[in-house]
Amino acid sequence: MSLSDALARSVDVVTPDLIEVRRELHAYPELSWHEERTTDLVATWMDKSGISYERFEGTGLAAEIGPDGGPIVALRADLDGLPVVDTSQDPWKSSVPGVSHSCGHDVHVAALLGAAVALAQADADEKLPVRVRLIFQPAEEVMPGGALKLLAAGALRGVSRIFALHCDPSLDVGHVGLREGPITGASDHIHVQLSGRGGHTSRPHLTEDLTYALGSLLTQLPAVLSRRFDPRAGASMVWGQIHSGNAANVIPSTGELSGTLRMLDAAAWHQAEHLVRGLISDIIEPFGVSADVTYTRGVPPVVNDFGATEIMRRAVTQAIGPSGVASTAQSLGGEDFAWYVEAVPGAMGRLGTRTPDGPTYDLHQGNLRIDERAIAIGAKVLACAAVS
């Protein structure tokens with residue numbers, strides 16, 4: 001029996017347990033930096049499998065399997081949920097008000113646990129050719145991401161390459177989307193607080209019309225950015241929140257808006273903050289208002305290494321067959337896995353979670369559903385990637 005077949009068989013044995021653990025995680029999601037229960041659950045699985053591990057300060061842990069010496073291959077899953085209401089009626093729907101695993105991180109954790117069990121069995125059988133580090137990372141959903149804290153703590157010390165999977169509800173289960181080069185976009189948060197002299201709407205000339213200034217910023221910043229960035233950078237400025245005023249006949253003295261700036265190009269990302277701050281100042285200058293800008297740099301694009309992508313391609317072929325390999329486009333979604341692949345070669349694949357001929361859901365939505373067959377597939381792909 002080949003090593004990949006042995007890994008797949010080990011995953012098959014624990015698949016019912018993996019489904020149950022995913023449902024438990026889904027029922028008890030935790031927000032970024034607060035993944036205590038989730039970390040405890042992962043630690044319990046490590047203990048049962050005889051896998052040594054160390055907890056990070058706060059939440060998250062790293063475990064290691066395999067022979068000492070030589071390079072280490074890392075596999076990563078993220079732990080946190082989102083502040084999104086679960087609108088499902090599943091028996092395992094979120095029991096935490098206003099919090100859900102609406103990005104599929106419960107699937108990521110379950111899949112990595114399955115890979116861990118399979119790799120531990122291979123190690124017990126003295127068939128594991130490399131040392132594997134399992135990284136269960138907190139706080140992927142906040143910027144600039146928990147990956148930076150783990151890197152500072154030495155999560156990649158001795159690692160030669162790293163792999164991860166991310167749920168893709170637009171891709172049928174049984175497929176993994178692969179792409180060499182950039183697979184996600186850069187993503188930053190922008191918050192602007194405007195202040196000015198308010199007053200009565202009958203006398204706007206005696207005020208600094210802050211609501212009008214907000215409206216101008218709302219429309220003009222995205223428009224001007226589209227002419228200041230190289231179109232090939234794929235920059236997209238989108239506002240998500242705007243707040244100003246409480247009455248129809250009152251010009252307020254404060255207002256705020258928040259949004260994200262995403263782009264496909266790392267070089268443009270490094271220039272973005274300076275450009276945005278200058279444009280905000282120029283746009284509001286005619287209104288006499290002042291701006292307090294909080295620009296939070298998020299993550300660069302995830303750039304898949306060619307060699308690592310080929311390893312993952314072989315892993316998908318070994319785990320589910322050559323028909324399981326799918327191509328995928330670059331997304332503007334941000335992912336802090338980018339910080340890992342800036343440090344060492346690596347690759348992220350898109351794990352298909354859509355039931356064939358079923359509805360297509362979207363990430364970060366409370367109605368997200370996944371075909372649970374994806375859990376075992378993800379576990380097999382990750383395990384095979386570690387040893388390929």
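According to our numbering, the sequence shown is numbered sequentially starting from 1.
Even glycine gets a Cβ: it sits at the ideal position worked out from N, Cα and C.
{"Item": "Residue 332 and residue 264: beta carbons closer than 8 Å?", "Value": "yes"}
{"Item": "Any beta-carbon of chain C closer than 8 Å to the one on residue 242?", "Value": "Annotation note: the requested chain C is absent from the structure, which comprises a single protein chain."}
{"Item": "Report back the beta-carbon spacing between residue 24 and residue 80 to the nearest angstrom; my notes put them in contact at under 8 Å.", "Value": "About 16 Å separates the two Cβ atoms, so there is no contact after all."}
{"Item": "In three-state terms, what does DSSP make of residue 205?", "Value": "helix"}
{"Item": "Pick out whichever of 186, 353, 271 has its Cα sitting closest to the Cα of residue 144.", "Value": "186"}
{"Item": "Which residue comes first and which comes last in the alpha helix (DSSP H) that contains residue 12?", "Value": "3-27"}
{"Item": "What's the call for residue 304, buried or exposed, on a 16-neighbour Cβ count within 10 Å?", "Value": "buried"}
{"Item": "Just to confirm, are residue 345 and residue 131 a CB contact at a threshold of 8 Å?", "Value": "no"}
{"Item": "Contact check, residue 257 vs residue 271 under 8 Å by CB: the rounded distance?", "Value": "At roughly 22 Å, the Cβ-Cβ gap does not stay under 8 Å, so residue 257 and residue 271 are not in contact."}
{"Item": "So what's residue 387 in DSSP terms, helix, strand or just coil?", "Value": "helix"}
{"Item": "Could you please give me the residues that DSSP links to residue 61 through a beta bridge?", "Value": "55, 136"}
{"Item": "Tell me the start and end of each unbroken beta strand (DSSP E) in the region 279-352 that is at least 3 residues and wholly inside, in chain order.", "Value": "290-299, 325-327"}
{"Item": "Report the partner residues of residue 73 according to the DSSP bridge assignment.", "Value": "132, 161"}
{"Item": "Pick out whichever of 156, 362, 57, 43 has its Cα sitting closest to the Cα of residue 341.", "Value": "156"}
{"Item": "Leaving aside the five residues before and after residue 300 along the sequence, list all residues of the same chain whose C-beta is less than 7 Å from its C-beta, in chain order.", "Value": "186, 266, 269, 338, 342"}
{"Item": "Given a cut-off of 8 Å, decide if residue 184 and residue 335 are closer than it, judged by their beta-carbon atoms.", "Value": "yes"}
{"Item": "Spatial neighbours of residue 369 within its chain, please: CB distance less than 6 Å, with the 5 preceding and 5 following residues excluded, ordered by chain position.", "Value": "361"}
{"Item": "Hey, is the region 110-128 in contact with the region 4-17, meaning 3+ C-beta pairs nearer than 8 Å?", "Value": "yes"}
{"Item": "Under a three-way DSSP split, which group does residue 143 fall into?", "Value": "coil"}
{"Item": "Tell me whether residue 239 sits in a helix, a strand or coil according to DSSP, three-state version.", "Value": "strand"}
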